[in-house]
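Student: Residue numbers (this note's numbering): 2 to 340.
1. Apart from the five residues just before and just after residue 368, which ones in its own chain have a Cβ nearer than 8 Å to its Cβ?
2. Quick check on residue 333: buried or exposed, where buried means 16 or more other Cβ atoms within 10 Å of its Cβ?
3. Distance check for residue 252 and residue 298, CA to CA, integer angstroms please.
4. Rounded to a whole number of angstroms, what is the C-alpha to C-alpha distance between residue 45 and residue 293?
5. Per DSSP, residue 313 is paired with what?
6. Could you give the C-beta distance for residue 137 and residue 119, rounded to a whole number, given that I count them as a contact under 8 Å?
7. Given a cut-off of 8 Å, decide if residue 241 and residue 318 are closer than it, judged by their beta-carbon atoms.
8. Roughly how many whole angstroms lie between the Cα atoms of residue 47 and residue 165?
9. Below 8 Å on the Cβ atoms is my contact criterion, and I expect residue 110 with residue 77 to pass it. Report the Cβ-Cβ distance as a whole number of Å.
10. Taking residue 289 as the reference, which of 274, 237 and 280 has the closest Cα?
11. Whole-angstrom Cβ separation of residue 125 and residue 131, contact assumed at under 8 Å?
12. Would you be able to state if there are at least three C-beta pairs under 8 Å between the stretch 176 to 192 and the stretch 263 to 279?
13. Can you give me the Cβ contacts of residue 178 inside the same chain, cut-off strictly under 6 Å, excluding the 5 residues immediately before and after it?
14. By DSSP, does residue 254 sit in helix, in strand, or in coil?
15. Locate the beta strand (DSSP E) running through residue 333, then write down its first and last residues.
16. Name the one or two DSSP bridge partners that residue 216 has.
17. Pick from 89, 21 and 12: whose alpha carbon is nearest that of residue 66?
18. Short of 6 Å in beta carbon distance, which residues of its chain neighbour residue 79, apart from the five on each side in sequence? Order them along the chain.
19. In terms of alpha-carbon separation, which member of 173, 264 and 106 lies closest to residue 1?
20. Taking all protein chains shown into account, decide if residue 140 is buried (16 or more other Cβ within 10 angstroms of its Cβ) or exposed.
21. Give me whichever residues DSSP pairs with residue 157 in a beta bridge.
22. When the Cα atoms are used, what is the spatial distance from residue 296 to residue 320?
23. Whole angstroms are fine: how far does the CA of residue 49 sit from the CA of residue 193?
24. Mind checking whether residue 28 and residue 60 have CB atoms under 8 Å apart?
25. What are the residues that DSSP puts in a beta bridge with residue 280?
26. Evaluate residue 108 with the Cβ neighbour count: other Cβ atoms within 10 Å of its Cβ, from every protein chain shown; 16 or more gives buried, anything less gives exposed.
27. Would you tell me roughly how many angstroms separate the C-alpha atoms of residue 135 and residue 123, rounded to the nearest one?
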């Protein structure tokens, strides 16, 4: 959002007339290559907008409608990127190139002082103001305000979630102020936090011979039937592994014996259909069914219960990785008292 400090209707801008979707799309794909996309190298955010798209959208929204050449200059996408991408795709199909397009990715480019001055001269004349104010009211991870700030706009951002605002504060004003020094500051204080955590929280897996891959928990609730009252583990099914090219692995529910209250489990690899069919699920369509007495707990009764109490929880299985020749495969074991 561009804030214009007068009551006049804003003039027609470039993005309303034209936008180079193909070129921006190519650069967007190039930007996303790699383990960590830009800004995620600094901090992780799940809804990270591509920087080149953000930059192109901003510039297209504030340049005059007849400024195609200026747009290409300021967005800094290679003029021949479509041609180079087509050549690269052709070579890739022939297996002749592993390296990609031999042009610097556009998001890494930035305007020099002369280009910034030229950019703002056009803006000042077009908008009749010395400095445009830019606002992103729902800025999330901050890709859009980050690019607006790089373009020298008077940038403002907000979000309902305080976490991205803190992340933006680190990314833009603090990084700008401290530059490379911020790396040492981040390392210093994260190490302090880690030291304090290590004093209180030890690494969980005690059996270091296994490479742990996950911990399977279930929610629990006591059966409402006063003559039963077992602890019901809640699950729509008991599948641990369900891949088409591998044997199924399930948790088989074992009812407590001799009036006990706690269900047990058994892990079965490659169960037949009858075993899967007879393995009692405990939740269907939001209704809880006791596997021992078949007493049901409706959604309404569950909601009423949760107003005054809460569900329990239980660790039932551990997922781990093990070597199978040259490959690694996932397996499971039941949780024990030490876990």
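Positions of the beta carbon are idealized from the N, C-alpha and C atoms, including for glycine.
Since this is a predicted model, take the numbers as computed values, not measurements.
Tutor: The relevant details are as follows:
1. Since the first residue shown for the chain is 2 and the last is 340, residue 368 is missing from the structure and cannot be characterised.
2. buried
3. 23 Å
4. 46 Å
5. 221
6. About 24 Å; that fails the 8 Å criterion.
7. yes
8. 11 Å
9. 4 Å
10. 237
11. 6 Å
12. no
13. none
14. strand
15. 328 to 335
16. 319
17. 12
18. 104
19. It is not possible to answer for residue 1, since the shown part of the chain is limited to 2 through 340.
20. buried
21. 136
22. 32 Å
23. 28 Å
24. no
25. Answer is none; residue 280 lacks a bridge partner.
26. buried
27. 16 Å
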